[in-house]
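Residue 67 is where the sequence shown starts when you use the numbering used here, and the numbers rise one by one after that.
Just so you know, even glycine gets a beta-carbon here, dropped at the ideal spot from N, CA and C.
Keep in mind that this is a model prediction, so the values were computed, not measured.
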Amino acid sequence: MFNKWIEIYSSIVDNPQNVENLTCPNCKKKGTIDYYFIPYTPNNNLGSVYIWCAACKKGIYLDRVGIPVNAKKIVDESINLNDVIPAFTKITPD
Ligand SMILES: [Zn+2]
């Protein structure tokens, strides 16, 4: 299952604007995937990413990833991540 989420990550990297066309690997719903990249510093193109499904509340967290241009990012350190990223169950490698 983790590999399916890595495919979702790859799709987001390829086309960050196309996320509404992705299908959740867990619940198979379409248009429920959301994500945010968190750069290490505001202009850094490296950081971490949260990817989750709003329907089944499952997803992944990856660290040390490249941040594509045009991807949704949280750079304002005053933003509480819990306000914009829902609690979800993190799928880990098998
Ligand atoms: Zn789902």
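Beta-carbon proximity of residue i to residue j, cut-off 7 Å
{"i": "residue 133", "j": "residue 105", "result": "yes"}
{"i": "residue 120", "j": "residue 89", "result": "no"}
{"i": "residue 138", "j": "residue 102", "result": "yes"}
{"i": "residue 91", "j": "residue 141", "result": "no"}
{"i": "residue 152", "j": "residue 68", "result": "no"}
Residue i - partner residues in DSSP beta bridges
{"i": "residue 89", "result": "96"}
{"i": "residue 115", "result": "103, 128"}
{"i": "residue 155", "result": "124"}
{"i": "residue 70", "result": "Beta-bridge pairing links residue 70 to no other residue."}
Nearest candidate by alpha-carbon position, reference residue i, set the options
{"i": "residue 131", "options": "146, 122, 113", "result": "113"}
{"i": "residue 122", "options": "144, 96, 110", "result": "96"}
Considering only heavy atoms of ligand 1 and the C-beta of each residue, which residues fall inside 5 Å, strictly closer?
90, 92, 93, 119, 121, 122
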